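Here the sequence shown stands for residues 86 to 434, where the numbers follow our numbering. All C-beta atoms in this analysis are idealised placements derived from N, C-alpha and C, irrespective of residue type, glycine included. Computed from a prediction, not measured in an experiment: that's the story for all the values here. Here the structure comes first, spelled out in structure tokens, and everything after it is commentary.
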Amino acid sequence: MLILSKINLSIMSNFKSFLKRKNVDVSAKAYLLDALGAMALGLFASLLIGTIFDTIGSRLNIPMFVEFAKYCKIAAGPAMGVAIAYALHAPALVMFSAVAVGVAGNTLGGPVGVLVAVVISTELGKMVSKETQVDILVTPSVTIISGILLAMFVGPGISRFMTAFGDFIMYATNLHPFAMGIIVSVSIGMALTLPISSAAICIAIGLSGIAGGAATAGCCAQMVGFAVMSFKENRWGGLISQGIGTSMLQMPNILRHPLTWIPPTLTAAITGPLATCVFHLENVPIGSGMGTCGLVGPLGVISAMPDGGANMWWGILMICFVLPAVLTWLFGLVFRKLNWIKDGDLKLE
86 MLILSKINLS
96 IMSNFKSFLK
106 RKNVDVSAKA
116 YLLDALGAMA
126 LGLFASLLIG
136 TIFDTIGSRL
146 NIPMFVEFAK
156 YCKIAAGPAM
166 GVAIAYALHA
176 PALVMFSAVA
186 VGVAGNTLGG
196 PVGVLVAVVI
206 STELGKMVSK
216 ETQVDILVTP
226 SVTIISGILL
236 AMFVGPGISR
246 FMTAFGDFIM
256 YATNLHPFAM
266 GIIVSVSIGM
276 ALTLPISSAA
286 ICIAIGLSGI
296 AGGAATAGCC
306 AQMVGFAVMS
316 FKENRWGGLI
326 SQGIGTSMLQ
336 MPNILRHPLT
346 WIPPTLTAAI
356 TGPLATCVFH
366 LENVPIGSGM
376 GTCGLVGPLG
386 VISAMPDGGA
396 NMWWGILMIC
406 FVLPAVLTWL
416 FGLVFRKLNW
426 IKDGDLKLE
């Protein structure tokens with residue numbers, strides 16, 4: 086037994102040395118913070134900037150921007166894949182192979198599928214990188230095959246989760262407008278900040294009408310709320326990147342400091358029922374889950390309520406911009422006073 090124990094210790098020691106030599110850091114920081122933060126940037130540099138281009142092109146009748154948007158959106162999977170591989174310090178051949186894995190992950194399981202498939206396949210690719218005389222064949226083969234198999238494995242589970250989440254939202258839409266406003270606003274708002282596609286959920290279940298207005302309220306609460314609450318740390322760059330980009334940029338900070346997610350979520354619980362019961366805001370499915378990203382949410386309200394009048398405009402102003410900024414800032418101020426949120430907790434990498 087003693088001999089076996091020594092052999093096991095030796096094997097473990099050698100394996101740890103191998104992982105260190107290959108720059109494989111098996112840790113929550115590497116996989117949940119670094120990789121997730123990089124994925125958010127990849128998503129911003131493809132799908133989200135494409136959404137902004139599409140909004141500009143459609144509203145100002147500039148066909149070239151609509152064309153730009155089409156290619157940006159197609160690149161979402163590859164962009165996230167390369168961003169994650171970059172964050173994990175992958176060698177060149179592994180990083181380039183992450184393009185194919187990103188396509189498979191995004192197609193089969195959305196952003197979560199990309200994260201799981203690329204993280205694991207990148208680490209496997211790093212392990213075999215430059216270990217053979219035919220590295221040009223082995224490294225991309227291991228990375229791509231393992232990544233696509235992982236995407237095929239996790240994709241159905243993610244799809245089932247998204248379907249169940251969509252069913253929950255559809256159940257909520259049948260409740261009283263006040264209760265529905267809270268549930269839909271908070272749920273879709275949180276989905277927007279998580280690495281899942283709130284827009285895809287809203288489109289898939291056809292979330293429109295006042296339920297779409299509640300979803301818009303939740304998304305705006307997260308985006309504008311985080312942008313304003315973190316202004317002290319991130320200044321104007323953070324205000325723009327989160328306010329018209331994505332609150333998902335804050336996910337690494339939320340994982341480190343979960344209390345930072347409470348202020349915008351509380352705001353969503355307030356603005357949701359205000360949207361449904363006071364301003365009676367409506368939205369179309371494509372705008373319901375986008376919030377202020379490229380101003381798609383507010384523009385969707387205008388499309389859904391062409392004869393909305395002054396109440397619609399006041400609703401857009403208050404629900405999409407003013408209340409998310411003011412309420413989240415006030416909640417954040419209280420949390421800072423209580424030392425539940427500390428200076429630097431909301432700093433973007």
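Problem - Host alpha helix (DSSP H) of Q327 (start-end) - result: F316 to G328
Exercise for the section: Determine the DSSP secondary structure at N146, reduced to helix, strand or coil. Expected result: coil
Practice task
Just mark G376 as buried or exposed, buried being the case when its beta carbon has 16 or more other beta carbons within 10 Å.
Solution key: buried
Practice task
Please classify E367: is it buried, with 16 or more other beta-carbons within 10 angstroms of its beta-carbon, or exposed?
Solution key: buried
Practice task
Jot down the residue ranges of each uninterrupted alpha helix (DSSP H) in the region 380–418, minimum 4 residues, whole runs only, in chain order.
Solution key: 381–389 and 394–400
Problem - Endpoints, alpha helix (DSSP H) assigned at Y116 - result: Taken as a continuous stretch (DSSP letters only), Y116 belongs to no alpha helix (DSSP H), as it is neither H nor E.
Practice task
In the DSSP assignment, find the alpha helix (DSSP H) that holds A172 and state where it starts and stops.
Solution key: A161 to A172
Problem - Per-residue burial, F103 [other beta carbons within 10 Å of its own, 16 or more giving buried] - result: exposed
Handout entry: Distance, V411 Cα to M308 Cα
Key = 13 angstroms
Handout entry: Coarse secondary structure for N259, derived from DSSP in three states
Key = coil
Handout entry: C-beta atoms of S293 and V369 nearer than 8 angstroms
Key = yes
Handout entry: Straight-line gap, A160 to V407 (C-alpha atoms, nearest Å)
Key = 33 angstroms
Exercise for the section: Using beta-carbon positions only, say whether L277 and S270 come within less than 8 angstroms of one another. Expected result: no
Practice task
Work out the CA separation of L117 and N338 for me, nearest whole Å.
Solution key: 10 angstroms
Handout entry: the region 229–244 / the region 176–195 touching (three or more Cβ pairs under 8 angstroms)
Key = yes
Handout entry: Beta-carbon proximity of G357 to I267, cut-off 8 angstroms
Key = yes
Problem - Where the alpha helix (DSSP H) through K215 begins and ends - result: Neither: K215 is in no alpha helix (DSSP H) and is coded neither H nor E.
Handout entry: Sub-8 angstroms separation of N319 and L433 beta-carbons
Key = yes
Handout entry: CA nearest to the CA of T361, picked from N424, A299, F181 and D119
Key = A299
Exercise for the section: Less than 8 angstroms between the CB atoms is what I'm expecting for F129 and I141, so what's the real figure, rounded? Expected result: Actually they are not in contact, since the Cβ atoms of F129 and I141 sit about 16 angstroms apart, beyond 8 angstroms.
Handout entry: Local conformation of N368 per DSSP, three classes
Key = strand
Problem - Uninterrupted alpha helix (DSSP H) stretches inside the region 229–290 (no shorter than 4 residues) - result: 262–278 and 283–289
Problem - Opposing strand residues paired with G294 [DSSP bridges] - result: N368
Exercise for the section: Count the CB pairs spanning the region 164–173 and the region 193–208 that are closer than 8 angstroms, and state whether there are at least three. Expected result: yes
Exercise for the section: With a cut-off of 8 angstroms on the beta carbons, I'd call M336 and A125 a contact; round off their distance for me. Expected result: 6 angstroms
Problem - Own chain residues within Cβ distance below 6 angstroms of F263, not counting five before or after - result: P358 and C362
Problem - Length of the line joining the Cα atoms of S214 and L340 - result: 31 angstroms
Handout entry: Option nearest M374 by Cα separation, candidates G394, G303, M397 and A395
Key = The question names Met, but residue 374 in the sequence shown is Gly. That would be G303, whose Cα lies nearest to the Cα of G374.
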